[in-house]
Every structure is written in structure tokens, then in C-alpha cells.
Amino acid sequence: MTNEFKRPDGRKIDELREVEAKVGVVPNADGSAMFRSGKTIAIAAVYGPKKMHPQHQQNPATGQLRCDYTMISFSVSERIRPGKNRRAMEISEITKWALEPVLLLEKYPNQVVDVFIDIIQADAGTRCAGINAASMALAHAGIPMRNLVASVSVGKLDKNLVVDLTKEEEDFEEGEGATDIPVSMTPDGKVTHMQLDGKIRTKELQDVLDMAKTACGKIYEVQKKALKDSINMGGKDE
Ligand code: CDP
């Protein structure tokens, strides 16, 4: 890792984009949140717990989480066709896996918690922004949780590890090219989700996890502050 490496937007290798978070952005939902990282903006709305429909999917042993990730048509310069594509289906499933470990869903047999995530503007890292927003929205909805989950992408540009890649960085092609490793974790460093798009040496993975932990710690503080601010402003009906 070298500190001399210059990122296109001038950030340090371990520097997040400007981060903004707010809860209570969808008044009709049971819980909601917005999370912005640079130009990437995610909104999450939670509905439930409520009876699972269709009924045959009910589980008497536990409640279930359903996640629905959508990149809305104007979120990128090339209009996205509305409706489910494979990428959105994959990210919906990954979001569920990233969040399920912290939820005490066994308290809600036969019920479901629905999380809808809309990406209203995309500049890479949308799955991470969606998970960050969803984690806050679940807490805002009062769903019992062991902890919050924070998510960030650690990447490799040629030989340099950097956090929170922009689309320009994801498209980096020089040297070894770009590698993208989205990681989600609890504040105590328990990884709930990790993906790898590209190539990385096994010995570099520990550095990736260390960088992700520090970055997720910063995101966690922002999430926590947004939740506290909403309580100070009178809860979810602010
Ligand atoms: O957004 P994330 O990094 O989680 O997922 P990705 O599949 O690696 O996509 C990276 C970025 O590519 C997105 O954030 C968008 O900026 C862009 N993208 C796009 O322009 N059009 C698509 N159909 C999908 C992604």
C-alpha cells in the first residue's frame, strides 16, 4: 500500500466520501432512512412486522425479512428499465443476508418485515448505501436488533487499497485494474456480508477487513447520530 497514490477526487486512501444520514424520511412507513455517500443516495422504508402473505410462506418458528432493492430509472445517466433485473434481485438477496444476522426475528413467528430500498442517485457503492439506510430504517421502525450494520466498499486500484469507491474508480483499468470488495459489519467487527468483484491476494484480505472496520466505525457513528437526532426531534412522526 502506498500513500503517494492520488485518487481522482483527491481523497486519502482511507477517506470516505462526504456522508449524510437522516431517519424519518418516509412518514407513512413504520421506519425509514436516507443514507448518502457522495453522489450515491439510498432511501429505505420498512413496513412491518405484519402477517406474511402469501400464507404458505409463513414460518411458525420465526419471522422473516424481505428486501427489495431498486435503482430508479433516473438514478444513472443511462435510464434504467423499470422492473426487476438480475442485478437488483441479487442485491436484494445480499441485503437480506447482510441484515438478518442482527435481527431478532424469532420474536415474530408467521410474520414478515418488508424493507424497500430505492437508489435515487448512483455513483457506485449503492448496495452499501442501501444496507446502511436499511439498517437505520429497521432500528427506526423499532425492530429488535442486536446491533446496527454498516457497509462500505473497499477496493484495489492497481496495487492500492482504497475505501468507498466512486464509479470512476470502479472503472479504473490501469495496472492490475480495479477490484471491488463490499463489506458489511457490526460495530464490533462481525462481518455479515462480503463480496469480491475482481482479484485480490489472500494476504491483502486482512488489510481490506481492517480498512473496512475503520470505515464502518465512522459510518456507524453517523447512523447512530441520525437515530439519536430523530428521537430528540420527537421520534418517527417528526
Ligand atoms: O452500486 P454497486 O457498487 O453496489 O453495484 P455495481 O453493480 O458494482 O454498480 C456500480 C455502479 O455502476 C452503480 O452504482 C452505478 O453507478 C453504475 N451502474 C449503472 O450505471 N447502470 C446499471 N445498470 C448498473 C450500475
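Numbering that gives the first Met the number 0 numbers the first residue of the sequence shown as 0 and each following residue consecutively.
By construction, the Cβ of each residue, glycine as well, lies at the ideal position given by its N, Cα and C atoms.
Across the set D122, K95, Q57 and L103, the C-alpha of D122 shows the shortest separation from the C-alpha of S74.
The alpha carbon of N146 has as its nearest neighbour, out of K189, V18, N109 and R80, the alpha carbon of K189.
In this model, A177 and D157 are separated by some 6 Å (Cα to Cα).
Residue environment for N231: exposed (fewer than 16 other C-beta atoms within 10 angstroms of its C-beta). Buried is the label assigned to E168, since at least 16 other Cβ atoms lie within 10 Å of its Cβ. Non-local C-beta neighbours of F4 in its own chain, meaning closer than 6 Å and more than five positions away in sequence, comprise N159, ordered along the chain. The ligand CDP has no heavy atom closer than 7 Å to the beta-carbon of C66. Under DSSP, the beta-bridge partners assigned to F115 are A44 and D67.
Contact between the stretch 33 to 47 and the stretch 182 to 198 is absent: fewer than 3 CB-CB pairs across the two stretches fall below 8 Å.
For N231, the enclosing alpha helix (DSSP H) stretches over residues T201 to N231.
For the pair of segments examined, the stretch 133 to 142 was found to touch the stretch 89 to 107: the number of CB pairs separated by less than 8 Å reaches three. Its chain contains S31 and A44 as the residues whose beta carbon lies nearer than 6 Å to that of V25, once the 5 sequence neighbours on both sides are disregarded; these appear in chain order. Between the alpha carbons of T94 and Y107 lies a distance of about 20 Å. Boundaries of the alpha helix (DSSP H) around H139: T125 to H139. For P59, the secondary structure class from DSSP, reduced to helix, strand or coil, is coil. A residue is called buried when at least 16 other Cβ atoms come within 10 angstroms of its Cβ; G82 does not meet this threshold and is exposed. In the three-state scheme derived from DSSP, where H, G and I count as helix and E and B as strand, S91 is classed as helix. Between I79 and M70 a beta carbon distance of about 5 Å is seen, short of the 8 Å cut, so the two are scored as contacting. Residues of the same chain with a CB within less than 8 Å of the CB of K223, apart from the 5 flanking positions on each side, are L147 in chain order.
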